[in-house]
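S.K.:
Residue numbers (mature numbering (1 follows the signal peptide of the UniProt record, and there is no 0)): -29 to -1, 1 to 181.
(1) Is the separation between the beta-carbon of residue 82 and that of residue 69 shorter than 8 angstroms?
(2) Ordered along the chain, which non-local residues of its own chain (more than five positions away) have a Cβ less than 6 angstroms from that of residue 108?
(3) For residue 126 versus residue 39, is the C-beta distance shorter than 8 angstroms?
(4) Assuming residue 54 contacts residue 104 under a Cβ cut-off of 8 angstroms, what Cβ separation, rounded to an integer in Å, is found between them?
(5) Please return the same chain residues whose Cβ sits closer than 7 angstroms to the Cβ of residue 76, not counting the five positions on each side in sequence.
(6) If I'm right that residue 56 touches residue 89 with Cβ under 8 angstroms, what's the distance once you round it to whole angstroms?
(7) Taking the straight line between their C-alpha atoms, what separation do you get for residue 84 and residue 59?
(8) So, for residue 101: in the same chain, excluding its five sequence neighbours on each side, which residues have a beta-carbon less than 6 angstroms away from its beta-carbon?
(9) In angstroms, rounded to a whole number, what distance separates the CA positions of residue 116 and residue 67?
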């Protein structure tokens, strides 16, 4: 009698144990519903957009430059170096490309897209144009995605005086006492220079006794 009871209990519990073992595997391998796939994909897309927005919203502190100048009427054998663009995001591993746009980009000013060096490739005349407004952009060399917001800067053309000075009210006469101290002022001359507007039209020159 006890043997028959044990067999009956074994027959009863065996299917339940098998069901308990196989049920977690069925739950783990259940197919993902379309709503789950959509939610996961949306989360990844939002993460990607947030990363791009973070990059685009980076402050302009990354740019390193000063205001640039170039001499007018320069005609050397090689293009003249005006300045260099650089961002502190550039580790020097040639993974960043610099792009130049704006006034004279590509025709008057050329940029080395790896080093950021800007060269003037033609003679400039301040009377024709006194300054050029350009825009710099740093992008990923492989993907062309922006690494910094575009930043505007100005290249100013420096005036060189190509007009002879005019000495007004001449000729001048001056007397110097003998045994004068070296470096003593002998006379002040007013000289008028025909230079660019806004930079003054005359200077005082000191004539010293040597």
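For every residue, glycine included, the Cβ atom is placed at its ideal position computed from N, Cα and C.
M.R.: In this structure, then:
(1) yes
(2) 70, 121
(3) yes
(4) Actually they do not touch by this definition, with Cβ atoms about 14 angstroms apart.
(5) 105
(6) 7 angstroms
(7) 16 angstroms
(8) 128
(9) 10 angstroms
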